[in-house]
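Just so you know, the sequence shown maps onto residues -20 to -1, 1 to 756 in mature numbering (1 follows the signal peptide of the UniProt record, and there is no 0). Using N, Cα and C, we set each Cβ at its ideal position, and we do this for glycine too. Here the structure is a predicted model, which means the values were calculated and not measured. First the structure, in the form of structure tokens, and then the observations on it.
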Amino acid sequence: MLKRSLLYLGCMVLPGLASAATIQGVVLDSKGQPVSDATVQVVGARDSVMTNSQGEFSLEDLSSDDLELHVRAPRYMHKNVHVHGSRSDLEITLDGTVMEVVDVTGLPWHVSQLESATPVTVLSGDSLRDAQSGTLGDTLNEQVGVHSSYYGPVAGTPIIRGLSGPRVLVAQNGLDVGDVSRSGPDHAVTAEATTARQVEVLRGPATLFYGNGAIGGVVNVVDDRIPQDTDTFGQVQLEYNSASDEPVVEGSANVGVSDSVALHVDAFWRDADDLEIPGYAEVDPDADATYGILENSAYESQGATLGGSYIGDNGFTGLSVGRLERTYGIPGHSHDGVAVQAELEQDRLQLVGEYSLDHDLLSEVRFRYGYTDYEHRELEGDAIGTTFANELHEARVELFHQPLNEWRGAVSFHVKREDTEAQGEEAFTPPSVTDSFAVALMEEKHYGDWLVQLGARVEQVDIDATGVRLDGEGERGLYRVEESFTPYSFSAGTVWDFTEGYNIGLSVSHSLRAPSATETLSLGPHIGAGSYEVGALFDVLANDHGDWVVNFSHEPLEMETANNIDISLRKFSDDVGFVVGAFYNRVDDFYYARATGLEAESGHDHDHEHEHAEDTHEDEHDHGDEEMLPVYQFTAADVDLYGFEGELHWQVTDPLMLRFTTDYIRASIRDGGNLPRIPPMRVGAQAEYEVGPWRLDAGATHYFEADKTAEFETATDEYTWVTAEVSYQLPIGSDAKVFVRGDNLLDETARVHSSFIKDIAPRAGRSVSAGIRASF
């Protein structure tokens, strides 16, 4: 049926080659004043120009006389304009806005975050540099709808609307980063925001664009490792953080070495000691506990990337290679009294190409290929307890068609192969290979003040695991497990510019997700996470002696099914702008790690039965000389997730701007109870005052008590996180400034409810950072 649809589409597209067109015009603001340095780009082509000091531009020798122009400029709303035939008197008016407007690269459509039906947050420029932290989760933690899993300062994955792990894809330039952070909260994310140009967060289902593993959202780290033009630019930053005695050095540069060749280089290094905290690490400290230090939280990380592109008149092809190394302690856990640490190495290759076409059917082709070779070792002293290895191949091709009755869109082909292996006495997942292949169709059209976006995707996912070991009652030995799934997704969205300076965004989606290999096949102690994990493929059974054993489950594995609706109201004109939204996500067969109240030996070798504990709860973890781990079973349940998000920007005077934010998420199980580790409601306020070369930022975010808890889970106290920063623009030729920043100025004990180790690892105490940042 899909083939017939594509053939039908091809037969209906009959535009011939058009004569060359020329478009000349001017870009003005709402008061009729010229807007200089605005970018005017032909959608679906590489033709673009900048306006001069009078706001004028000229596009010549265009291959079609039926065009869509995308116009953007700093501090203005972006605008799309349809043009038929050559024009010499085109006048385009841009509306000023207090909101930051950034084009989103992680979507197939050419839109900013304020023009998308899908809720999107983009962190870029100084805002990204100011928010940078040692983990991607902590970097994004203050963004609306985003929290961090927080495993101390060493590992923190982003949580989007209460969802993380196998439901949130972390991508780099649109491709999976290929680490194992989705299989455990103690595993570090290898996407490095330090050298990124922007970080995009797609809040809500993004399976249409990214596939089965993005049902909860996507975090796309965008950098310039593959140049798309021959411009020369770069930046460098030196910083010191007192909380962990941490120096940070990072820099990147793109250089056009000729009219058709550009090169890129970036590198970073950070080295942190154990984190300083207010008070004791544990809620109930031992008599000999260390005060003011989160032990075993030191880390060192470094990486470098080289890239280059060949750039022609109609497109580019580029290649990059990068390496990341990281060594970090895993706070709060020990094995036989020895601290657990991790060492990871990752090599990554990316090949990217984009070309505009002068063709009857196709207007543009984009292709991406990524290869990742990842390995990390969990160490107990000098002994290697577990080694995780992951090899990932991923390729995507997008074919954009010529406008068909003003519909613009693309067919996407996406293939992925992930080979994961855990070795060692404490390996909790068997070796597995996950293959997927998908086809997607995405379309959009403007109807006057309405923008309509439609899409559909079908995917085949196959999991093949060998060496699944069981020592249950009646089921013993090594088994091979093969599972196949066919998830699909549909989405529809619209943006309505119902009056000047306002729009409403609405999106609905129906998405399916195949359970991951970790959710399905886990069976054993995960020392780094301080848990004993049992996958959904198994049943935990009590025997006649009160002990418990594991056998294969006789229930079939179901796919997770999500029906989601998002609605947003946006105001972006004049001195006050806001975005407020609400969402509802109804999920059937939602897989989550449920605390069972049982315990297992941390060094269990599957030759002994498991002991039962009557009074275990989810937040207690083994440390010191104890040898027991809480048991978590991956369980499917029908759940409802809903909430709201909002942010308001108010330019009070030329030097003063205020920003207010809030978000709330509720996650309940339909049969009764709550999902565990759901972030609490929070409200925040920030003031920015800028005069001459000086700038002052001050803000506070209040996290309410988290008391909607799951079984065996404890509540988390409220706290207020206060920050301030002063910066000074240096009077030199390049864009350079020095800054001093303070975090947690009230020195509050802040525990993260979404963290597995919240009761033994709080956030940093009062700290000061200072540094210098320059760009050219």
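{"Check": "Which same chain residues, not among the five before or five after residue 177, have their C-beta less than 7 Å away from its C-beta?", "Outcome": "104, 202, 203 and 204"}
{"Check": "Leaving out the 5 sequence neighbours to the left and right, which residues in its chain are closer than 7 Å to residue 210 when beta-carbon positions are compared?", "Outcome": "236, 239, 242 and 291"}
{"Check": "Ignoring anything shorter than 3 residues, give me the beta strand (DSSP E) runs that lie fully in the segment 645 to 679, in order along the chain.", "Outcome": "662 to 671"}
{"Check": "Under 8 Å by Cβ, that's how I've got residue 23 and residue 49 pegged, so tell me the actual separation to the nearest angstrom.", "Outcome": "7 Å"}
{"Check": "Compute every distance between the C-beta of residue 691 and the non-hydrogen atoms of the ligand NAD, then say whether any falls below 6 Å.", "Outcome": "In the structure on display, the ligand NAD does not appear, and there are no ligands present to speak of."}
{"Check": "Use the C-beta contact count for residue 600: other C-beta atoms within 10 angstroms, 16 or more gives buried, fewer gives exposed.", "Outcome": "No answer about residue 600 holds up, because its pLDDT of 40 lies below 50 and its placement is not dependable."}
{"Check": "Would DSSP call residue 466 helix, strand or coil?", "Outcome": "coil"}
{"Check": "Give the DSSP-derived three-state secondary structure of residue 518 in the structure shown.", "Outcome": "strand"}
{"Check": "Taking Cβ to Cβ, would you say residue 702 is nearer than 7 Å to residue 676?", "Outcome": "no"}
{"Check": "Count the other CB atoms within 10 Å of the CB of residue 57; is the residue buried (16 or more) or exposed (fewer)?", "Outcome": "buried"}
{"Check": "Any idea which residues DSSP pairs residue 30 with across the strands?", "Outcome": "19"}
{"Check": "Among the residues of its own chain, which have a CB less than 6 Å from the CB of residue 162, if the five just before and after it don't count?", "Outcome": "145 and 146"}
{"Check": "Less than 7 Å between the beta carbons of residue 167 and residue 734, yes or no?", "Outcome": "no"}
{"Check": "To which residues of the same chain is residue 379 closer than 7 Å at the C-beta, ignoring the five residues directly before and after it?", "Outcome": "342, 345, 390 and 391"}
{"Check": "Rounded to the nearest angstrom, what separates residue 639 and residue 558 at their Cα positions?", "Outcome": "9 Å"}
{"Check": "What's the call for residue 587, buried or exposed, on a 16-neighbour Cβ count within 10 Å?", "Outcome": "Note that residue 587 scores a pLDDT of 42, beneath 50, so its modelled location is shaky; the value from the coordinates is reported in the next line. Exposed, since its Cβ has fewer than 16 Cβ neighbours within 10 Å."}
{"Check": "Three-state secondary structure (DSSP) at residue 507?", "Outcome": "helix"}
{"Check": "Hey, would you say residue 571 sits closer than 7 Å to residue 660, going by beta carbons?", "Outcome": "no"}
{"Check": "Using the Cβ count rule (16 or more neighbours within 10 Å means buried), how would you classify residue 711?", "Outcome": "exposed"}
{"Check": "If you draw a straight line from the alpha carbon of residue 700 to that of residue 665, how long is it in whole angstroms?", "Outcome": "11 Å"}
{"Check": "Take the Cβ of residue 695 as the centre, count every other Cβ of all protein chains shown within 10 Å, and call the residue buried at 16 or more, exposed below.", "Outcome": "exposed"}
{"Check": "Rounded to a whole number of angstroms, what is the C-alpha to C-alpha distance between residue 746 and residue 426?", "Outcome": "51 Å"}
{"Check": "Rounded to the nearest angstrom, how far is the Cβ of residue 20 from that of residue 2, given a contact under 8 Å?", "Outcome": "No, residue 20 and residue 2 are not in contact; Cβ-Cβ is about 13 Å, not under 8 Å."}
{"Check": "Rounded to whole angstroms, what's the CA-CA distance from residue 198 to residue 153? Just pull it up for me.", "Outcome": "12 Å"}
{"Check": "DSSP on residue 322, reduced to helix/strand/coil?", "Outcome": "strand"}
{"Check": "Could you work out which residue in 117, 371, 156 and 626 is closest to residue 191 when comparing CA atoms only?", "Outcome": "156"}
{"Check": "What three-state label does DSSP hand residue 476 in the structure shown?", "Outcome": "strand"}
{"Check": "Run through the DSSP bridge pairs and tell me what residue 440 is partnered with.", "Outcome": "417"}
{"Check": "Counting pairs of Cβ atoms below 8 Å between the segment 614 to 622 and the segment 645 to 658, do you hit three or more?", "Outcome": "yes"}
{"Check": "Rounded to whole angstroms, what is the Cα-Cα separation between residue 542 and residue 471?", "Outcome": "12 Å"}
{"Check": "When burial is assigned at 16 or more other CB atoms within 10 Å of the CB, is residue 584 buried or exposed?", "Outcome": "Reliability fails at residue 584, whose pLDDT of 40 lies under 50, so the model's placement of it is uncertain and no value is given."}
{"Check": "So, at 6 Å on beta carbons, what are the nonlocal neighbours of residue 36 in its own chain, with the 5 sequence-adjacent residues on each side left out?", "Outcome": "6"}
{"Check": "Please go through the same chain and pick out, in chain order, the residues whose beta-carbon is closer than 6 Å to the beta-carbon of residue 595, but skip the five residues on each side of it.", "Outcome": "Model confidence at residue 595 stands at a pLDDT of 39, short of 50, so the residue's coordinates are unreliable; what they give is reported in the following sentence. Closer than 6 Å at the Cβ level, and outside the excluded window around residue 595, lies no residue."}
{"Check": "Please name the residue, chosen from 61, 68 and 28, that lies closest to residue 4 on a Cα-to-Cα basis.", "Outcome": "68"}
{"Check": "When the Cα atoms are used, what is the spatial distance from residue 386 to residue 72?", "Outcome": "20 Å"}
{"Check": "Go ahead and label residue 464 buried or exposed: buried means 16 or more other beta carbons lie within 10 angstroms of its beta carbon, across all protein chains shown.", "Outcome": "exposed"}
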